[in-house]
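Keeping their order, the protein sequence lines are chains A and B.
All residue numbers for the first sequence refer to this note's numbering, where the first residue is 24 and numbers rise by one.
All residue numbers for the second sequence refer to this note's numbering, where the first residue is 54 and numbers rise by one.
In what follows, a structure is listed as structure tokens, so that the remarks can point back to it.
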Amino acid sequence: SQQGEEDPQALSIQEGENATMNCSYKTSINNLQWYRQNSGRGLVHLILIRSNEREKHSGRLRVTLDTSKKSSSLLITASRAADTASYFCATSGRGYNKLIFGAGTRLAVHP
Amino acid sequence: EAGVVQSPRYKIIEKKQPVAFWCNPISGHNTLYWYLQNLGQGPELLIRYENEEAVDDSQLPKDRFSAERLKGVDSTLKIQPAELGDSAVYLCASSPLRDYNEQFFGPGTRLTVL
């Protein structure tokens, strides 16, 4: 079973625009991670936010976490065609690092 | 540093045939994961190894799936016999320690069962 649910399922934007993807989850977490998957390739870790953090930045990425609403958002600013990929949130509970992934958001950035 | 290596990248077999996937994790990574990813979905954990010990195989369909990690390095995932519903991408990932947050994924093996 998958814990996270991403919204929207698909997003199409123009280069230079911002892209926002949302993730909701069901149970308590230790941390939440975002991964990117390009077509036909494995997943690449983008950013991790811990349960006691509310916002985190990494380059053009901004992640927020609202544990009261059990939700997170990933913002990609000034998008590029190379950002075209599927983006997955993954939650990790206490104990060991078992990641539970959502179904992903498919982002298309058009030149 | 080399990443996680998987082979083959693609495999097409007929149903009821056996198939095996191989994974070589990043050097020094003690924890190894096998995931199943269906089309349009996120990965789902099949099995996790700490060195050579399978510490979480609760999601592995043991009637037809098996895995091994001899000597705590390379790992093999096998399906015998394969069914049509096994068509998916099989991903291998590794991490340095059991409680290290980030996982490093290989490119996956895309299996098609005809």
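Idealized CB from N, CA, C, for every residue including glycine.
The count of Cβ pairs closer than 8 Å, one atom from the segment 40–55 of chain A and one from the segment 91–103 of chain A, reaches three, so the stretches are in contact. Out of A/G39, A/S35, A/D30, A/P31, the CA that lies nearest to the CA of A/T100 is found in A/G39. For a Cβ distance threshold of 8 Å, nothing in chain B lies close to A/A131: the least Cβ distance comes to about 15 Å.
Within chain A, the residues G63, R64, G65 have their CB atoms less than 8 Å from the CB of B/P160, given in chain order. For the segment 81–102 of chain B, the beta-carbon criterion of a distance under 9 Å to any beta-carbon of chain A is satisfied by T84, Y86, Y88, Q90, G93, Q94, G95, P96, E97, L98, R101.
The beta carbons of B/R101 and B/Y86 sit closer together than 8 Å. For A/N75, not one C-beta of chain B is nearer than 8 Å to its own C-beta. Comparing alpha-carbon positions, the option among A/N54, A/G125, A/V132, A/H133 lying closest to B/G93 turns out to be A/G125. Among the residues of the segment 109–120 of chain B, those with a Cβ less than 8 Å away from any Cβ of chain A are D109, in the order of the chain. At a cut-off of 8 Å, the C-beta of A/K121 has a neighbouring C-beta in chain B.
Distances from the CA of B/Q112 to each of B/L164, B/A141, B/L89 were compared; the closest alpha carbon is that of B/L89. DSSP places A/A101 outside both helix and strand once states are collapsed to three, so it counts as coil.
Residue environment analysis places B/R122 among the buried positions, since at least 16 neighbouring C-beta atoms fall within 10 angstroms of its C-beta. A Cβ-Cβ separation of about 11 Å leaves B/T84 out of contact with B/S128 under the 8 Å criterion. For a cut-off of 8 Å, the C-beta gap from A/G127 to B/G159 is around 18 Å, too long to register as a contact. Closer than 7 Å at the C-beta level to chain B, one finds these residues of the segment 79–113 of chain A: F111. When the Cα atoms are used, A/L84 and B/K68 turn out to be separated by approximately 44 Å.
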